[in-house]
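Engineer:
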Amino acid sequence: MSHGKQFTLFSHKRGPNGWKVALVLEELGLTYESVYLDFQKSEQKAPEFIKYNPNGRIPALIDHSNSDFIVWESNAIMQYIVDKYDKEHKLSIAPGTDEYYTQLQWLYFQASGQGPYFGQAGWFTFYHPEKVPSAIERYKNEIKRVFGVLESVLSTREWLVDGRLTVADLSLVPWNHLTTPHLEDVDFEKEFPATAKWHNKLLKRPAVEKVPSETVPSIVQPALKIMEFFRSLVRPAAARDGAGAAGAEGPMGLAYETAALSRSSPTMRELQPMSAEHARAWVRFWKAKGFIA
Numbered sequence: 021m022s023h024g025k026q027f028t029l030f031s032h033k034r035g036p037n038g039w040k041v042a043l044v045l046e047e048l049g050l051t052y053e054s055v056y057l058d059f060q061k062s063e064q065k066a067p068e069f070i071k072y073n074p075n076g077r078i079p080a081l082i083d084h085s086n087s088d089f090i091v092w093e094s095n096a097i098m099q100y101i102v103d104k105y106d107k108e109h110k111l112s113i114a115p116g117t118d119e120y121y122t123q124l125q126w127l128y129f130q131a132s133g134q135g136p137y138f139g140q141a142g143w144f145t146f147y148h149p150e151k152v153p154s155a156i157e158r159y160k161n162e163i164k165r166v167f168g169v170l171e172s173v174l175s176t177r178e179w180l181v182d183g184r185l186t187v188a189d190l191s192l193v194p195w196n197h198l199t200t201p202h203l204e205d206v207d208f209e210k211e212f213p214a215t216a217k218w219h220n221k222l223l224k225r226p227a228v229e230k231v232p233s234e235t236v237p238s239i240v241q242p243a244l245k246i247m248e249f250f251r252s253l254v255r256p257a258a259a260r261d262g263a264g265a266a267g268a269e270g271p272m273g274l275a276y277e278t279a280a281l282s283r284s285s286p287t288m289r290e291l292q293p294m295s296a297e298h299a300r301a302w303v304r305f306w307k308a309k310g311f312i313a
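Counted the way our numbering counts, the sequence shown spans residues 21 to 313.
1) Checking 9 Å against the spacing of the C-beta atoms, do F138 and V166 come in under that value?
2) For A227, tell me which candidate among S132, L185, T200 has the shortest Cα-Cα distance.
3) So Q64 packs on I78, CB below 8 Å; how close in whole Å?
4) Which of helix, strand or coil does DSSP assign to S206?
5) Can you check whether the C-beta of K61 is within less than 9 Å of a C-beta belonging to chain D?
6) Check whether the Cβ atoms of F89 and V55 lie closer than 9 Å to each other.
7) Could you check which residue in L57, A42, F59, D58 has the C-alpha nearest to that of T51?
8) Taking its Cβ as the centre, do 16 or more other Cβ atoms sit within 10 Å of Q134, making it buried, or is it exposed?
9) For V187, which residues does DSSP report across the bridge?
10) What residue does the beta strand (DSSP E) around L81 start on, and which one ends it?
11) Have a look at W195, I156, Q60, H32 and flag the residue whose alpha-carbon is nearest the alpha-carbon of F129.
12) DSSP state of F370, grouped into three classes?
13) State the Cα-Cα distance for the pair L190 and T28, rounded to the nearest angstrom.
14) In whole angstroms, what separates the C-alpha of S87 from that of I156?
15) Could you tell me which whole beta strand (DSSP E) segments of length 3 or greater appear in the region 127 to 154?
16) Round the Cβ separation of I97 and V181 to the nearest angstrom and send it over; I've been treating them as touching at under 8 Å.
17) Tell me whether D103 is buried or exposed, calling it buried when 16 or more other Cβ atoms sit within 10 Å of its Cβ.
18) From the DSSP output, in three-state form, read off A257 for me.
19) Give the range of the beta strand (DSSP E) segment to which F59 is assigned.
20) What's the call for P67, buried or exposed, on a 16-neighbour Cβ count within 10 Å?
21) From which residue to which residue does the alpha helix (DSSP H) around S175 run?
22) From this set, L203, F212, L81, which residue's C-alpha is nearest E171's C-alpha?
23) Judging by CA-CA distance, which residue of W39, W218, E53 is the nearest neighbour of K25?
24) Short of 8 Å in beta carbon distance, which residues of its chain neighbour V231, apart from the five on each side in sequence? Order them along the chain.
25) Quick check on DSSP: helix, strand or coil for F27?
26) Is the CB-CB distance between V187 and Q123 below 9 Å?
27) Is it buried or exposed for A141, if we count other Cβ within 10 angstroms and need 16 for buried?
28) Name, in chain order, the residues that DSSP records as bridge partners for Y52.
29) Just the Cα atoms here: how many angstroms apart are W143 and S132?
30) Which value, in whole angstroms, describes the spacing of the CA atoms of K33 and H84?
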């Protein structure tokens, strides 16, 4: 399974918690094989995976250099990696110091605050079968609150801990990146300038650029594959077969027909499922960034 690599990482192509672990492995130059589970087939609940993680969630890590020791829960995995393999503390803080506990503080904040709230915002906005406006509002307000916490700290320092990059910073990258395109009423760079500067600096790191290159969508080049798909798909509503048929209206009177074209588009098949609301959020983001008119 490891093909001679030190670790096997069970992950998901659109799963930010798996990306967190991969970022740390890349930063430390540790070798690993990613095994991407298919959630549509419930592979994360299959006996073959449950034997590694009884909670039936990703990520999980097997350390082949340590008698195939298994760790699950993303931030526990990150802590395991740096405790065991970052002896020079290139990416972590030495245990027993005050800064070490500050590092833990941010890892716990990410696991208990950022991840759950950002994830629930995404669920109720894009995937929940019924629209629950109060839930969407609650979790989007929590996103703003989390960004506010980061802003209050990053406005006074360059990094979260000890004046340098640590696992604390890396742990927050994936969820931040997945969330910022969907904040309709928030100008991330204007309202949270210090956080945006820190976040954009993290995105330029080679490890952060590399990790999602094998996932969809990319974490560094936001939704280029999705954009490629929608550019081929967006067309005047009047040009559609059976004008007036059901379809989500896009910017400038254009419509996208995700259901019909996903069957013929390898890119879209790779990205399914995507709701119309999710698609509209990406289009709003591209327009704001000037990617499309």
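Quick reminder that beta carbons are idealized off the backbone N, C-alpha and C, glycines included.
Structural biologist: Well, looking at it:
1) Yes.
2) The shortest Cα separation from A227 among S132, L185, T200 belongs to L185.
3) Right, their Cβ atoms sit about 6 Å apart.
4) The sequence given here places Val at residue 206; Ser does not occur at that position. Coil at V206, not helix or strand.
5) Looking for chain D here will not work: only one protein chain is present.
6) Contact flag unset, no.
7) Of the candidates L57, A42, F59, D58, the one whose C-alpha sits nearest the C-alpha of T51 is A42.
8) Label assigned to Q134: buried.
9) For V187, which the question treats as bridged, DSSP gives no partner whatsoever.
10) Counting along the chain, L81 sits inside the beta strand (DSSP E) bounded by residues 80 to 83.
11) F129 has its Cα closest to that of W195, out of W195, I156, Q60, H32.
12) What is shown of the chain runs 21 to 313, which leaves residue 370 out entirely.
13) Approximately 20 Å, taken between the alpha carbons.
14) Looking at the backbone, the Cα of S87 and that of I156 are separated by about 45 Å.
15) The region 127 to 154 contains no whole beta strand (DSSP E) run of 3 or more residues.
16) Actually they are not in contact, since the Cβ atoms of I97 and V181 sit about 19 Å apart, beyond 8 Å.
17) D103 should be labelled exposed.
18) Caution is warranted here: a pLDDT of 39 is assigned to A257, below 50, making its placement in the model unreliable, and the coordinate value is therefore given only provisionally. Per DSSP, reduced to three states, the secondary structure at A257 is helical.
19) Unbroken run through F59: none, as it is neither H nor E.
20) By the 10 Å Cβ count, P67 comes out exposed.
21) Note, S175: premise wrong, no alpha helix (DSSP H); not H, not E.
22) The option with the nearest alpha carbon to E171 is F212.
23) Nearest Cα to K25 within the set W39, W218, E53: E53.
24) Excluding residues within five positions, the ones whose Cβ falls inside 8 Å are W39, A42, L43, E46, I239.
25) It is a strand residue.
26) Here V187 is near Q123, since their CB atoms are less than 9 Å apart.
27) Buried, by the Cβ-count rule.
28) According to DSSP, Y52 bridges with F27.
29) In this structure, the CA atom of W143 is about 17 Å from the CA atom of S132.
30) When rounded, the distance between both Cα atoms is 23 Å.
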